[in-house]
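Asks: Residue numbers (numbering that gives the first Met the number 0): 0 to 281.
Okay, here's the structure, questions in a sec.
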Amino acid sequence: MNGRKVIKWNLIQINLSKMIHGNANSVIIESYKASLGDEIQIKDTVKDLGILASNDLLFKEHMNKIINSSKVIMGMLLRTFSTREKDPMLKMYNTYIKSKMEYCCIVWSPVQQKYINELEKIQKSFTKKINNMEEVDYHERLKQLNLFSLERRRDRYFIIYGWQQLEGQKENILKLKSRWNGRERRMIMTNIPNQANGKRLTSKEKNLIFNSPARQIQRLFNSIPAKLRNITGVSTDTFKKHLDVWLNTVPDQPRGGGYSKWVAAETNSVRHQAVTMLQHRL
Numbered sequence: 000m001n002g003r004k005v006i007k008w009n010l011i012q013i014n015l016s017k018m019i020h021g022n023a024n025s026v027i028i029e030s031y032k033a034s035l036g037d038e039i040q041i042k043d044t045v046k047d048l049g050i051l052a053s054n055d056l057l058f059k060e061h062m063n064k065i066i067n068s069s070k071v072i073m074g075m076l077l078r079t080f081s082t083r084e085k086d087p088m089l090k091m092y093n094t095y096i097k098s099k100m101e102y103c104c105i106v107w108s109p110v111q112q113k114y115i116n117e118l119e120k121i122q123k124s125f126t127k128k129i130n131n132m133e134e135v136d137y138h139e140r141l142k143q144l145n146l147f148s149l150e151r152r153r154d155r156y157f158i159i160y161g162w163q164q165l166e167g168q169k170e171n172i173l174k175l176k177s178r179w180n181g182r183e184r185r186m187i188m189t190n191i192p193n194q195a196n197g198k199r200l201t202s203k204e205k206n207l208i209f210n211s212p213a214r215q216i217q218r219l220f221n222s223i224p225a226k227l228r229n230i231t232g233v234s235t236d237t238f239k240k241h242l243d244v245w246l247n248t249v250p251d252q253p254r255g256g257g258y259s260k261w262v263a264a265e266t267n268s269v270r271h272q273a274v275t276m277l278q279h280r281l
């Protein structure tokens, strides 16, 4: 910023009654009023485009809300409709329950096992009500119903969204193109910094960076085979078809609830399952 711009900047008229000011270590919170005299409340959670965003960026309130509302809808559907046939049950589930649990999941996708399990239990419970599925292991049930676990579907969304950004089919808001190594066809993973804006980052802040959508996309995209990373110049539907063919070869065995036997992978993430599958083949 040159001297002339600095002078213009310093001449800006600022309404101090509509600002929160402070320094790097503390923020001075004051009471502010709207034009009609009502006090503007300071909230930890706000709703934006259907997502409850919290100031800690963990989205716990949003996940609790969709878990509870999905359970209510599931109960209502099971009480209202007597049929337990496969096709109508899956139609109801996809339309009224799964769509709610997956809306904008790239933004709020859980990393805590508690919420991963709570979301998965809803799909487990509903699919168990389908005729001839009551005694079937959840992992086997997914195969027979041609479903992925919800955790696997969220990973799938991350991979597809990352590919769309690299292909220019989505706005490059996560700056993934700057992380793309075209020669090796991989995302470049950088170390999480220890400091930001002259302030040392806490473990909580580092975890937020590690689990951010951009970082999750980079890790997941690097975990898929090179032949998928090399797909370019095609429609999203074509990429999805190739991706799903590969995903159907990767074990999809969610943890928790005693519904399925657990395999050696650290988690049911595509990344961990793919690595474990490769190790077993060597």
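Virtual Cβ for every residue (Gly too), placed ideally from N, Cα, C.
Measure the C-alpha to C-alpha separation of T82 and I121 and round it to an integer number of angstroms.
Replies: Residue 82 sits at position 83 when you count from the first residue of the sequence shown. Residue 121 sits at position 122 when you count from the first residue of the sequence shown. Their backbone Cα atoms lie some 19 Å apart in a straight line.
Asks: Thinking C-alpha only, which one of F238, A273 and V45 is nearest L56?
Replies: Numbered from 1 along the sequence shown, position 57 holds the residue referred to as residue 56. When only C-alpha atoms are compared, the closest one is V45.
Asks: Quick test of your reading: M62 and Y114, contact by CB under 8 Å. State the CB separation rounded to the nearest angstrom.
Replies: Looking up residue 62 in the sequence shown gives position 63. Looking up residue 114 in the sequence shown gives position 115. M62 to Y114, Cβ: 5 Å. Contact.
Asks: Given a threshold of 16 other Cβ atoms within 10 Å of its Cβ, counted over all protein chains shown, does N180 qualify as buried or as exposed?
Replies: Stepping through the sequence shown from its first residue, residue 180 is reached at position 181. Exposed, because fewer than 16 other Cβ atoms sit within 10 Å of the Cβ of N180.
Asks: Give every residue of the same chain whose Cβ lies closer than 7 Å to the Cβ of Q194, excluding the five residues on either side of it in the sequence, and list them in chain order.
Replies: By one-based count along the sequence shown, residue 194 stands at place 195. Hits under 7 Å: L200.
Asks: Thinking C-beta only, is R151 closer than 9 Å to D251?
Replies: Position 252 of the sequence shown holds residue 251. Position 152 of the sequence shown holds residue 151. Yes.
Asks: Can you check which of these residues, C103, R78, Y95 and K142, is closest to T248 by C-alpha distance?
Replies: For the purposes of this step, residue 248 is taken as residue 249 along the sequence shown, with counting starting at 1. When each option's Cα is compared against that of T248, the closest is K142.
Asks: Does D47 come out as helix, strand or coil in the three-state DSSP assignment?
Replies: Here the question's residue 47 lines up with position 48 in the sequence shown. In this structure, D47 counts as strand in the three-state DSSP scheme.
Asks: Compare the beta carbon distance of K99 and L144 with 9 Å and say whether it is the shorter of the two.
Replies: What you label residue 99 is simply residue 100 of the sequence shown in a count that begins at 1. What you label residue 144 is simply residue 145 of the sequence shown in a count that begins at 1. Cβ atoms of K99 and L144: not closer than 9 Å.
Asks: Can you pull the DSSP bridge partners for Q194?
Replies: One-based indexing of the sequence shown puts residue 194 at position 195. For Q194, which the question treats as bridged, DSSP gives the partners R199.
Asks: Between which two residues does the alpha helix (DSSP H) containing A213 stretch?
Replies: Start at 1 with the first residue of the sequence shown, and residue 213 comes out as number 214. A213 -> alpha helix (DSSP H) spans P212 to S222.
Asks: So N63 is in the alpha helix (DSSP H); what residue range does that whole segment cover?
Replies: On the sequence shown, position 64 is the one that residue 63 refers to. That run of the alpha helix (DSSP H) goes K59 to T79.
Asks: Since I believe I50 is in contact with M73 (beta carbons under 8 Å), could you give me their beta-carbon distance rounded to a whole number of angstroms?
Replies: In the sequence shown, the residue the question calls residue 73 occupies position 74. In the sequence shown, the residue the question calls residue 50 occupies position 51. With a Cβ gap of about 21 Å, M73 and I50 do not count as contacting.
Asks: Between R185 and F220, is the Cβ-Cβ spacing less than 9 Å?
Replies: Taking the first residue of the sequence shown as 1, we reach residue 185 at position 186. Taking the first residue of the sequence shown as 1, we reach residue 220 at position 221. Yes.
Asks: Using C-beta distances below 8 Å, list every residue in its chain close to V269, excluding the 5 sequence neighbours before and after it, in chain order.
Replies: Mapped onto the sequence shown, residue 269 falls at position 270. Excluding residues within five positions, the ones whose Cβ falls inside 8 Å are R151, D154, R155, I158, L219, S222, I223, L246 and V249.
Asks: I'd like the span of the alpha helix (DSSP H) that includes T126, first residue to last.
Replies: Counting from 1 along the sequence shown, the entry for residue 126 is found at position 127. Q112 to K127 is the extent of the alpha helix (DSSP H) around T126.
Asks: Going straight from the alpha carbon of I105 to that of G36, what length do you get?
Replies: In the sequence shown, the residue the question calls residue 105 occupies position 106. In the sequence shown, the residue the question calls residue 36 occupies position 37. Rounded to the nearest angstrom, the two C-alpha atoms are 38 Å apart.
Asks: Whole beta strand (DSSP E) runs in the stretch 153 to 193 with 3 or more residues, listed along the chain?
Replies: List check, beta strand (DSSP E) in window: nothing returned.
Asks: Within 10 angstroms of the Cβ of E134, are there 16 or more other Cβ atoms? Answer buried if so, exposed if not.
Replies: For the purposes of this step, residue 134 is taken as residue 135 along the sequence shown, with counting starting at 1. Under this definition E134 is an exposed residue.
Asks: I66 and E119 look like a contact to me (Cβ under 8 Å); what is the Cβ gap, rounded to whole Å?
Replies: As a first step, residue 66 is located in the sequence shown; it is residue number 67 there, counting from the start. As a first step, residue 119 is located in the sequence shown; it is residue number 120 there, counting from the start. Their Cβ separation, rounded to whole angstroms, is 10 Å, which puts I66 and E119 out of contact at 8 Å.
Asks: I'd like the list of long-range same chain contacts for Q164, defined as Cβ closer than 6 Å, with 5 residues on each side in sequence excluded.
Replies: Your numbering for residue 164 matches position 165 in the sequence shown. N171 and L175.
Asks: Bridge partners for S53 per DSSP, in chain order?
Replies: As a first step, residue 53 must be located in the sequence shown, where it is residue number 54. DSSP output for S53 lists T44 as bridge partner(s).
Asks: Please find out if some non-hydrogen atom of the ligand MN comes closer than 8 Å to the beta-carbon of S81.
Replies: This structure lacks the ligand MN; in fact it carries no ligand of any kind.
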